[in-house]
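First the structure, in the form of structure tokens, and then the observations on it.
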Amino acid sequence: MTPRRRILATALLAAGSLAVSSASAYVYCGFHDRRYEMRAYHFNSEFWVDLVVAQSAKWDRVHPLFSINRTRSRTTPVGQDGQSVIGWLTEADLNRHYGLSWAGTAGWTVTWTDGTCGRLLESDMFFNPGITLFAPQTAVPYNLGFQEIALHELGHAATLDHEDRGLAVMTAGGVVSDVLHNDDKVGWIRSAAQKFNPLPTPIRDMGVFPIRNGRSSKVYASLSPTTVARGADVAIRDFTVENLSSVFPFEGPTFRVVLEETSSGATIEIGTFSWGRFEPFSHWSGDLTYTVPSGTPPSSYRVVAIFQGRDSDATNDRAVLGTIRVR
Ligand SMILES: [Zn+2]
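If you count by this note's numbering, then the sequence shown holds residues 19 to 345, one letter each, in order.
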């Protein structure tokens, strides 16, 4: 639905005044020298296997690696046997075969490399069979759901270790989203470069995320206040914009900020933000304040930032930053 309302809020132009930081280094160990075959052993629905394959496509987009096959079976081959498996193990089996536990954990990946950090020989990836966490990750705070855990565990199979110097799905903490951030991509490209010597992926990709890398931990975006009088201001805190292309700067990226009525989905635009130029593999995090138009019908609204334009990956073009009640 296209809003006919006049935009009452002042568009905040972020050009020049807000610093954009480059992606940092990354921790990885080992390398691949060929397509990496894994086999999922599933005892029931293929739904969860399909989700793993969908997540693997995000890593493959940066540099192609995974080839995931599937077998319906009540048992999963365990231990170092030359076959990289994806499975759902009981606590007893996880404990017996790997000396690991599901306590406080939803996924484990065990890897074997040639020498200390040589070629990756095998990785066995297991998910807690008790996990039934699947929810489309469109609002904050994210639930730590299956797709985030699968994306993270696949990162380990792609040789990446934990990374907390910037936003990354490879965080050691539980505050994640279901997309790859700059640092994830930098790490995977550097690891792949050891053997594959890939060309940088020529994509154009701006993304907006309801999350920020704080000083000591990651924080989800928040709105203040959460009940807003018509004509008053609402501050959006702690969100991030990234240019996820390793190659191209993005000229003039612009985002709309809208109120989206929670039941009807009808939208009211409250402003925009933009840059003159956004450098490749860089990000901005911060707070912006907008005015709720005085004609806004009292109701509950999602506050959503939406990228204006076309890029290679539409999955990160929209972020729900929270919900407010307008009175
Ligand atoms: Zn991990």
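Ideal placement from N, C-alpha and C gives every residue a C-beta, glycine not left out. Just so you know, these numbers come straight off a predicted model, no measurement behind them.
From this set, the options, which residue's C-alpha is nearest residue i's C-alpha?
i      : options                        : result
Trp77  : Met188, Gly249, Gln98          : Met188
Asn261 : Ala168, Met143, Ala332         : Ala332
Gly97  : Ala110, Glu140, Ala124         : Glu140
Gln73  : Gly100, Ala168, Ser119, Glu64  : Ala168
Asn146 : His81, Asn62, Trp126           : Trp126
Val237 : Asp51, Gly289, Gly294, Gly304  : Gly304
Thr134 : Val344, Gly283, Thr177, Asp202 : Thr177
His50  : Ala58, Thr129, Gly294          : Thr129
Gly100 : Phe65, Thr131, His115, Ala190  : Thr131
Thr307 : Thr314, Ser300, Thr290, Pro316 : Thr290
Tyr319 : Trp302, Arg295, Glu278, Ser292 : Glu278
Phe61  : Thr244, Thr89, His199, Arg328  : Thr89
Thr244 : Ala121, Thr341, Val45, Glu55   : Thr341
Val70  : Val246, Val103, Gly225         : Val103
Phe164 : Asp179, Gly148, Gly136         : Gly148
Ala239 : Leu138, Val338, Thr108         : Val338
Phe325 : Val275, Ser312, Phe84, Thr309  : Val275
Ser235 : Thr280, Leu138, Ala186, Phe273 : Ala186
Gly313 : Arg345, Arg336, Val321         : Arg345
Ala121 : Arg343, Val321, Glu109         : Glu109
Glu55  : Val310, Phe84, Ile229, Phe65   : Phe84
Arg336 : Ile229, Ser281, Ser282         : Ile229
Thr280 : Arg79, Arg114, Val321          : Val321
According to the neighbour-count rule (16 or more other Cβ atoms, all chains shown, within 10 Å of its Cβ), is residue i buried or exposed?
i      : result
Ser263 : buried
Arg348 : Residue coverage of the chain in this structure runs from 19 to 345, which leaves residue 348 outside it and unanswerable.
Asn231 : buried
Gly184 : buried
Ala253 : exposed
Asn334 : buried
Ala190 : exposed
Asp251 : exposed
Pro316 : exposed
Gly249 : exposed
Glu171 : buried
Ala153 : Unreliable positioning characterises Ala153 in this predicted model, as indicated by a pLDDT of 49, which lies under 50. The coordinate reading is nonetheless provided below. Looking at its Cβ environment, which holds fewer than 16 other Cβ atoms inside 10 Å, Ala153 is exposed.
Arg343 : exposed
Ala323 : buried
Phe65  : exposed
Ala247 : exposed
Ala75  : exposed
Under 8 Å by Cβ, that's how I've got residue i and residue j pegged, so tell me the actual separation to the nearest angstrom.
i      : j      : result
Phe227 : Phe266 : Between Phe266 and Phe227 the Cβ distance is about 19 Å, and since that is not below 8 Å, they are no contact.
Gly105 : Thr94  : 3 Å
Gly173 : Gly48  : About 12 Å; that fails the 8 Å criterion.
Val204 : Phe144 : The Cβ separation is near 27 Å, so there is no contact.
His301 : Val259 : 7 Å
Tell me which same chain residues have a C-beta within less than 6 Å of the C-beta of residue i, skipping the five on either side of it?
i      : result
Glu181 : Tyr44, Val45, Met188, Asp201
Ala32  : Note that Ala32 scores 37 on pLDDT, short of 50, meaning its location in the model is unreliable and no value can be drawn from it.
Asn87  : Arg57
Pro21  : Note that Pro21 has pLDDT 25, beneath the 50 cutoff, so the model's placement of it is unreliable and no number is given.
Phe268 : Met224, Asn261, Phe296
Ser242 : Ala253
Asp329 : Arg222, Asp223, Met224
Quick one: residues in its chain with C-beta nearer than 8 Å to the C-beta of residue i, no 5 flanking neighbours on either side, listed in chain order?
i      : result
Arg52  : none
Gly327 : Met224, Pro271, Thr272
Gln212 : Phe49
Ala175 : Tyr54, Met56, Phe84, Ser102, Thr127, Thr129, Leu138, Ser141, Met143
His115 : Val96, Gly97, Leu107
Quick check on residue i - is its C-beta less than 8 Å from some C-beta in chain B?
i      : result
Thr123 : Although the question refers to chain B, the structure presented lacks it and comprises just one protein chain.
For residue i, which residues in the same chain have their Cβ closer than 7 Å to its Cβ, ignoring the five residues on either side in sequence?
i      : result
Asp196 : Gln155, Gln165, Glu166, Leu169
Leu7   : Absent from the model: residue 7. The displayed extent of the chain is 19 to 345, so no value can be given.
Arg255 : Ala239, Ser240, Ser242, Asp305
Val67  : Ala58, His60, Arg88
Inside the stretch 53 to 131 only - beta strand (DSSP E) runs reaching at least 3 residues: Under the rule that a run must span 3 or more residues, the beta strand (DSSP E) segments found entirely inside the stretch 53 to 131 read 54 to 60, 84 to 90, 103 to 106, 125 to 131.
Sequence ranges, beta strand (DSSP E) only - wholly within the stretch 289 to 328, length at least 3: Within the stretch 289 to 328, the complete beta strand (DSSP E) runs of at least 3 residues are 300 to 309, 317 to 326.
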